[in-house]
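Numbering (UniProt numbering), first residue to last: 1 to 1166.
In this text, a Cβ means the ideal position worked out from N, Cα and C, and glycines have one as well.
Here's what the structure looks like:
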């Protein structure tokens, strides 16, 4: 028997504090699985089969075996009650899931005994009365708070309704000690007429909500001890009893001593009411008690059963530290050093003695008091800390708290005498804020996250620091060092040490200004950091010398401050001197000041070798063709020093032999693609690209003798070409090209270059083209053979028309193709348009409005819905054909199939009700139909079958074509919201046709959903009447809007072009324009309506085109292949036909028509 840990837990006399954080991962360790340990604790003849650890987020199975088969199972995760486990029949074991902390499994074996007619389950020193009792012969039940078996006493502190279902019980007596009454204890109890509550104080009864259920208590008599009626009548739920009677108090009360490990006592069997009592208690060897061995109970407390609870424990020493282990609660308490004091102490989350494990609940008062040798303390779990536990530990320097939740400090003197300014508290990542806000911990001045280093500032002059005080080990430090007004700060004014080692900025061990204005950066912090920064005071105003201005920065040094305003002209070249004389003093030019050349447009500038540093934004938004730098060692820069408008158009010239140093220098130099040594030659680079861009940028020059490389990136939806061309003026030149990554490398540049490449994009054929799709995404269109495309035919911008389409992939592999607003042939279903060859296996995704005409499938074809899918096609199937769009109602061929009735598209049902989804299908000839109902699983993004497949067979002799369609077992009753579909298939020999019917069921809310509407704007147009009139209309989300258009007499040769965005809307068969599934505000545009230009009664002639009619026949003579659209005067499309070269004759009813050919409209009457 498995019992409920929540209720058993109420029997425990000690408070169980939650375990926290069982992550056993070294701080700062990366790319390592996080594992959680699994501990066990058993009592009785119990074995547990389970792993010793489990991966974070994982699951594990465990098996329990006991001699009696009855036990209490409790699982805690990180100390908290864990319930995410269940029995798994496939493994014949319990399975715990979603593990995120340390696991402690407690199993206590139960022993079953019978006392009279009552069956009890015993464990250690407690008992329970399980619900599975037999009906008692007596009508009166007396509940006990203590039961005795084989000379031992067991406490029973609650009633769970063991006799609730027995109607013969008329009287129940409750014990007079503290007692819990659990939910549903008396919720049925049909025959109950009286309850005897023996406790003088009604507060002794802890009644859990629902204990009496909905039971009417007014007809039950409540008996209470003499003198307590008023208290009961004033407290719930006892005040619901209409009749409360008092009964005499007993003269004597029984005496019980309850405790695990109690060997003997001198307690009497009973004692008179009001008489004091003294009891001597002897424990078994190895047991100790939290209570004294002699217990005295004063007489005023002897007014109920005397139950003396003895809480026992055992002592163990682990790693020199003393622990006491509770014998009843699977927890332990730390008592401090037993042997010699230690410098470093770790208090584990769980301690193990023998085969059992115990959660360390708290560190007791005075445990480590005055231990002056203790320097480092690690607390692995959320172990409470009692009074003065670490007071006087004056040498304590660091405390490592592994729990992300602040550890409980019960008293403010727990760390009394510890230097809270010097002692560092290390906590898990993200937990520092919580610790800093928690009493007991917030008194410590230095709380840092584990694996972090401190950032210390010293010797700061004229500089403000904006940055963190702590940085995680291995992470990047970014801090702003901003000079105060009137000061300038360069990288040479900053000293940085890390882990005691001075960092060298020229070796890129730290940066200043490279990754942000005034920003100090250390890429990887591996130790405590100390920063010294002394800014230089700017001396006086700038002075003018020649075309430039200068500012004195220190003795014998100046920096360039800018350009003399009246000396600046666009496109000039500037040469900065290495030294100058001013007012009789010689100065070295050592720097370029902030924004000195900002916004200047220059042909070139020369920077001498004396310049060591370039300031913030010195060249912000400047333009320069050439920058000549005479210093072999890269200049010190800050972020934005050389932030010119376009680095890709600027050439940096450096001294011979300095190229490698600049190529590996800070980001300011790495941003320039063209760094040349003085005297290098370069050539122009041109690109002729279609559907491709160049990354990281498109080079305009290439340096002679060096290599040049870049990456070609295809536009969205396109693919990289299989090959590219590189041309020199002398001809085609081979290059290294990776068609998988797009990387192009030209090893040695020898002259001007032209790179030609075209991406593999969508197939956009001419409208009169016969297209054949082959294997490996190749196609043939009459002019080319074996050309590649990206698997898409058509685009989103306009309708794509082809004369015919054949798909013959030959190899039988599944090939995906997307049709985007594709019209094949004339759009008529009377002539062959699309053919899928026998060896082809294709999946066609349909985007937009596709008109495929007549489709002959001889291979394997699956139609899939895309975006805004509409479909017009007649399919003749001789192979395997599956339509998952739900847009086809019929398929012809040997396995012909028709869906005569589809389920309701979007039924709404009330909560708790259901609806019947019906599909009716038929087949004219021999048929083997199957119905498969599926529901969409949004969590896994797939369809799952919800009903067994239904199969029906129709022989050739059947008289009705729909005998297969009316069977109830081919329908689906639905009571849950969701998307459903029915796959209806017909299989005849090797031919299979499948059609799909969809339905989306929703649950009607008690509160109606607000109606979501969108606006549809219909414009007014000259030359036509609209119905409804022009204006803005509201349409419910998902709804449709339609209108008709009638051309005025003077405009009746026009062919209206109706669009929503870039989508062309064709009129329906009744001449209306309809926009479906509206889910946003839309504006309709109407173009193509112009005044008539050409009118003839029977004949129209224009250039090489001639149109006439006679005797019900329309004649069109054309000099080239084209498409004619025959429209009625009301704007309705009558027919679209392909015109070959020569004369075409069409039989149509006599009347007036508009003929539209190649964007020209012609009116004819005959």
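Length of the line joining the Cα atoms of residue i and residue j
i            : j            : result
residue 61   : residue 48   : 11 Å
residue 390  : residue 432  : 21 Å
residue 466  : residue 380  : 34 Å
residue 557  : residue 636  : 16 Å
residue 581  : residue 596  : 20 Å
residue 965  : residue 915  : Reliability fails at residue 965, whose pLDDT of 47 lies under 50, so the model's placement of it is uncertain and no value is given.
residue 1149 : residue 1115 : 13 Å
residue 694  : residue 712  : 5 Å
residue 1107 : residue 1154 : 11 Å
residue 1169 : residue 1021 : The structure shown does not extend to residue 1169, since the chain spans only 1 to 1166, so no value can be given for it.
residue 684  : residue 784  : 34 Å
residue 1237 : residue 133  : This structure cannot speak to residue 1237, because the chain is shown only from 1 to 1166.
residue 984  : residue 846  : 20 Å
residue 780  : residue 809  : 12 Å
Three-state secondary structure (DSSP) of residue i
i            : result
residue 190  : coil
residue 550  : strand
residue 176  : coil
residue 435  : helix
residue 41   : strand
residue 840  : coil
residue 408  : coil
residue 973  : strand
residue 1044 : strand
residue 203  : helix
residue 507  : helix
residue 523  : coil
residue 1168 : The structure shown does not extend to residue 1168, since the chain is modelled only from 1 to 1166, so the question has no answer here.
residue 785  : coil
residue 1128 : coil
Same chain, Cβ closer than 7 Å to residue i, neighbours up to 5 away in sequence not counted
i            : result
residue 991  : 877, 878, 879, 893, 894 and 895
residue 889  : 898 and 899
residue 1122 : 1139, 1157 and 1158
residue 1035 : 1013, 1014, 1016, 1041 and 1078
residue 1060 : 1075, 1082 and 1084
Chain-order list of residues whose beta-carbon lies under 6 Å from that of residue i (same chain, five-residue window excluded)
i            : result
residue 1177 : The chain is shown only over 1 to 1166; residue 1177 falls outside these bounds and no answer can be derived.
residue 675  : 652 and 662
residue 1156 : 1055 and 1125
residue 97   : 59 and 84
residue 793  : 763, 819 and 822
residue 720  : 714, 739 and 742
residue 949  : 930 and 932
residue 197  : 174 and 224
residue 377  : 345 and 399
DSSP beta-bridge partners of residue i
i            : result
residue 154  : 147
residue 753  : 685
residue 746  : 708
residue 982  : 933 and 997
residue 393  : For residue 393, which the question treats as bridged, DSSP gives no partner whatsoever.
residue 1162 : 1155
residue 336  : 322
residue 770  : 804
residue 1142 : 1118
residue 618  : In the DSSP output, where bridge partners are listed per residue, residue 618 has none listed.
Test: residue i CB closer than 7 Å to a CB of chain C
i           : result
residue 369 : Annotation note: the requested chain C is absent from the structure, which comprises a single protein chain.
Would you list, in sequence order, the uninterrupted beta strand (DSSP E) runs of no fewer than 3 residues that lie entirely inside the region 644–676? Within the region 644–676, the complete beta strand (DSSP E) runs of at least 3 residues are 651–654.
My parser needs the beta strand (DSSP E) runs of 3 or more residues fully inside the region 903–956; what are they? 915–917, 920–922, 927–937, 942–945 and 950–954
Complete beta strand (DSSP E) runs within the region 842–900 (minimum length 3 residues, chain order): 849–857, 860–865, 870–877 and 880–883
Which ranges would you report for the beta strand (DSSP E) in the region 350–382 if only whole runs of at least 3 residues count? 350–353, 356–363 and 376–379
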